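Notes follow once the structure below has been shown.
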Amino acid sequence: MDIQTAYPHLRPLGLDGLLISFGAAMSDAANRAALAFRNDLARDPIAGVLETSPTLISVYIRFDPVALPLDRLADLIRTRLAARDWLQADLPDGRRLWQVPTVYGGPLAPQLDAAADAAGLSAKDAVEELSSQRLRVLTIGFAPGQPYLGTLAPHWDLPRQTGLTPQVPPGALVLAIRQMVLFTNGSPTGWQHVGQTGFRNFDPSGDPVIALQPGDEMQFIPGTESDLTRSPQPMALP
Amino acid sequence: MTALTVIEAGPAMTLQDMGRPGWMAQGLSRGGAADLLALAEGAALLGQGTDCAALEMAGAGGMFETSAPLRIALTGAPMQAACDGQPLRWNASHSLPAGARVQIGGARDGVYGYLHVGGGFDGPVVMGARSAHLAGGVGRVVLRGDTLPLCPDPGGPLGLGLEVPPRGQGGEIRMLRGIQTDRFSDEMLERFQATSFRRSTRANRQGVALESDGPGFTAAGQLDVVSEVIVPGDIQMTGDGLPYVLLPECQTTGGYPRIGTVLPCDLPRVAQAGPGRILRFRLVTRDEADAAQTRHTAHLAALPRLAAPLLRRPEDIADLLSYQLIGGVVSATEEEGER
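First to last, the sequence lines map onto chains A and B. Position in the first sequence counted from 1, then plus 3, gives you my numbering. Position in the second sequence counted from 1, then plus 45, gives you my numbering.
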């Protein structure tokens, strides 16, 4: 299979995977394109495709290389890609808004001050800014139901810390590179722990087991520790 | 209800099956047995489907007591095994009476041993599978005192064995170019393939860390890699420039550059390589990879045929008169042709 250099481009990933990327770096258009193209593959499946998954700027396809050789899959994908300008795609239908009570700073989220300082803001202004905006679920990954949220203003382009925080708890809201992540499970992280929520991304015995979908929006409303037990109800977005 | 009671438990035992494909978009990797070939071998020895859950034993087994007569098979990393003091052969299926105690010791070679039962282990089906996915927060380890329920056994062959080449000893591992391979210079790729890596002691179902002497391996623009999909078999270069090969319970995305992806048919040998074993990597072409996978798929399909009645070594059989031989139908010529 020839590898294209222009975007969108196709690259094999392992024996049974193909990655279709809509850009070289994170951008709103590439993210929308990835979601839209993945939804198109879900609506109108290709025989031999076993699984599809959108990432920040790409769509991953796992396929059965015996039933559907890579070259043939790549041809089918190129035809679909050529059908429209995916970078102009709208966000998916059925998006929802989740307003999640959040404790910013203090012992539950000890790196708010450091993150605010790095962004050139007071802690109060940082909370004001972070809590007043709605962030989009750009992708779900790393751990079950775990959202990557964005995109924050350029002053939040904080590097990942070189020394990892050994452990943040489930529901931790962490920030780096103009994005936030809401942790599903306890985890070490190089991102800054600025807020703590009681939100459950993933409940293996629940229905659905995973609450969020790419394209949903989240807003982290300042609250106290006692607010963390409230489970937010999603609202439909127009 | 037939059950197996865990009298003693090794440090990292979990129920495993083929995993739960289809959840990557929601952030859960497929999981499933670290050595999928061992799962298929156990299914062949018991004449059942590969969808049956087995007990995966990392490093060491434990002691188990049967509540009723039971068919079992033992595959994967060979471990010292005995039933009521009588040795049990590995890569074989056996009949156990009610109340029998099976003792499974440490791995002699490799890491992951598997205890299969006729009909498979029961347990809650979560998101389409019974396997534990500890990193994802699904299921838990099997502990001393647990009673593991078993699915009804429709019956099947007993006393079968498989000739299995050892796969805990490392060796050459084939890999394909991946999405970030061209971020590594040709010289770096050559050196990578010429390096003998030692399997480190840092290893679990998420991945295996490797060590080598000499300088590490770095990619151009190492720190600005956009987080992208990760698949089992990816060879990730972490901050120290040493490879980390991802296994079935890996995360679904990651930002470290990956030098290549191990062929699925070679991944069991990576998972099973014991600490200190030497692994070397070789880039193969797509055609070579496809051919290897085709051969592997054919081997999996042939396993039920390859499972042959055990040569009845008297020392393996406590009571020759009660020995049941309900072997699969294997013609003598076929058997000779495959040995």
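Backbone N, C-alpha and C fix where the C-beta goes; we use that ideal spot for every residue, glycine too. The model shown is predicted, which means the values in this text are computed figures rather than measured ones.
Boundaries (first-last residue) of the alpha helix (DSSP H) holding residue i
i	result
B:Glu232	Asp231 to Ala239
B:Leu90	Leu81 to Leu91
A:Gln91	Note, A:Gln91: premise wrong, no alpha helix (DSSP H); not H, not E.
A:Thr82	Leu73 to Ala85
A:Thr187	No alpha helix (DSSP H) holds A:Thr187; DSSP gives it neither H nor E.
Below-9 Å beta-carbon distance, residue i vs any chain B residue
i	result
A:Val197	no
A:Thr58	yes
A:Gly218	no
A:Tyr10	no
A:Ser61	yes
A:Val140	no
A:Met29	yes
A:Leu227	Reading off the sequence, residue 227 of chain A comes out as Thr, not Leu. Not an interface residue.
A:Arg98	no
A:Ser134	no
A:Gly201	no
Beta carbon proximity, residue i to chain C, threshold 9 Å
i	result
B:Met108	Going by chain labels, chain C is absent from the structure shown, which instead holds the protein chains A and B.
Between the CA atoms of residue j and residue i - distance to the nearest angstrom
i	j	result
B:Gln338	B:Gly252	22 Å
B:Met12	B:Arg75	Chain B is shown from 46 up to 384; residue 12 of chain B falls before or after that span and cannot be answered.
A:Gly193	B:His139	50 Å
B:Arg175	A:Ala214	22 Å
B:Leu90	B:Gly164	12 Å
B:Met172	B:Arg65	7 Å
B:Thr240	A:Pro68	30 Å
B:Val271	B:Gly259	28 Å
B:Gly284	B:Pro302	10 Å
B:Ala177	A:Leu141	28 Å
A:Arg35	B:Ile280	29 Å
B:Gly55	A:Ala239	49 Å
A:Tyr107	B:Pro277	37 Å
A:Glu220	A:Arg99	6 Å
B:Asp191	B:Ala127	20 Å
B:Gly168	B:Cys196	9 Å
B:Gln386	B:Val170	Chain B is shown only over 46 to 384; residue 386 of chain B falls outside these bounds and no answer can be derived.
B:Asp80	B:Leu312	8 Å
B:Ala105	B:Gly184	20 Å
A:Gly247	A:Thr82	An answer regarding residue 247 of chain A cannot be provided, because it is not within the stretch 4 to 241 covered by chain A.
B:Gln317	A:Ala179	37 Å
Own chain partners of residue i with C-beta closer than 6 Å, once the 5 adjacent residues on each side are dropped
i	result
A:Leu111	Gln199
B:Arg153	Pro123
CB contact check: residue i to chain A, cutoff 9 Å
i	result
B:Ser272	yes
B:Thr59	no
B:Gln251	no
B:Asp96	no
B:Leu73	yes
B:Gly66	As written in the sequence, residue 66 of chain B is Pro, which differs from the Gly given in the question. Output row for B:Pro66: interface = yes.
B:Val187	no
B:Gly182	yes
B:Asp279	yes
Close beta carbons around residue i, own chain, < 7 Å, minus the five adjacent residues each side
i	result
B:Asp96	Asp62 and Met63
B:Asp332	none
A:Gly148	Thr187, Asn204, Phe205, Ile213, Ala214 and Leu215
A:Pro259	Since the first and last residues shown for chain A are 4 and 241, residue 259 of chain A lies out of range.
B:Ala247	A small fix is needed here, since residue 247 of chain B is Arg in this sequence, not Ala. Ala254.
Same chain only: Cβ atoms within 8 Å of residue i, ignoring 5 sequence neighbours per side
i	result
B:Asp198	Thr47, Leu115, Arg116, Val162, Gly163 and Gly164
B:Leu234	Thr226, Ile304 and Leu328
Beta strand (DSSP E) segment containing residue i, residue limits
i	result
B:His161	Tyr157 to Val162
A:His12	His12 to Pro15
Check: residue i C-beta below 8 Å from any heavy atom of the ligand ATP
i	result
A:Ser56	Questions concerning the ligand ATP fall outside what the structure shown contains, since it holds no ligand whatsoever.
| request: Could you please tell me which residues of the segment 286-297 of chain B, in chain order, have their CB closer than 9 Å to any CB of chain A? | output: If the cut-off is 9 Å between Cβ atoms, the segment 286-297 of chain B has Gln296 and Thr297 near chain A.
| query | Going along the segment 223-234 of chain B in order, which residues come within less than 8 Å of chain A, judged by CB to CB distance? | reply | Here the close residues are Gly223 and Ile224.
| query | Between the segment 31-48 of chain A and chain B, which residues of the former have a C-beta closer than 7 Å to a C-beta of the latter? | reply | Taking 7 Å as the Cβ-Cβ cut-off against chain B, none of the residues of the segment 31-48 of chain A qualify.
| task | With 8 Å as the limit, tell me which residues of the segment 333-351 of chain B have their beta carbon closer than that to any beta carbon of chain A; keep them in chain order. | result | For chain A, the residues of the segment 333-351 of chain B that bring a beta carbon within less than 8 Å of one of its beta carbons are Ala334, Asp335, Gln338, Thr339 and Thr342, in chain order.
| Residues of the segment 303-320 of chain B with Cβ closer than 7 Å to any Cβ of chain A, in chain order | Those residues of the segment 303-320 of chain B that come within reach of chain A (Cβ to Cβ, closer than 7 Å) are Thr306, Leu308 and Pro309.
| Within 7 Å of chain B by C-beta, residues of the segment 139-158 of chain A in sequence order | Residues Ile143, Gly144, Phe145, Ala146, Pro147, Gly148 and Gln149.
| query | At a Cβ cut of 9 Å, what residues of the segment 68-85 of chain A count as close to chain B, listed as they run along the chain? | reply | Hits within the stretch, in order: Pro68, Val69, Pro72 and Leu73.
| task | Could you list the residues in the segment 201-225 of chain B with a C-beta less than 7 Å from some C-beta on chain A, going in chain order? | result | The segment 201-225 of chain B vs chain A, Cβ under 7 Å: Leu221, Gly223 and Ile224.
| field | chain B contacts made by the segment 163-192 of chain A, where a contact means CB separation under 8 Å | value | Taking 8 Å as the upper bound on Cβ-Cβ separation, chain B lies near residues Thr187 and Asn188 of the segment 163-192 of chain A.
| message | At a CB distance below 8 Å, what residues from the segment 11-23 of chain A approach chain B? Give them in sequence order. | response | Per Cβ criterion, the list reads Arg14, Pro15, Leu16, Gly17, Leu18, Asp19, Gly20 and Leu22.
| field | Chain-ordered residues of the segment 90-118 of chain A with a beta carbon less than 9 Å from chain B | value | Result list empty, no residue passes.
| For the segment 156-183 of chain B, which residues have a CB atom closer than 9 Å to at least one CB atom of chain A, in sequence order? | Result list: Pro169, Val171, Met172, His178, Ala180, Gly181, Gly182 and Val183.
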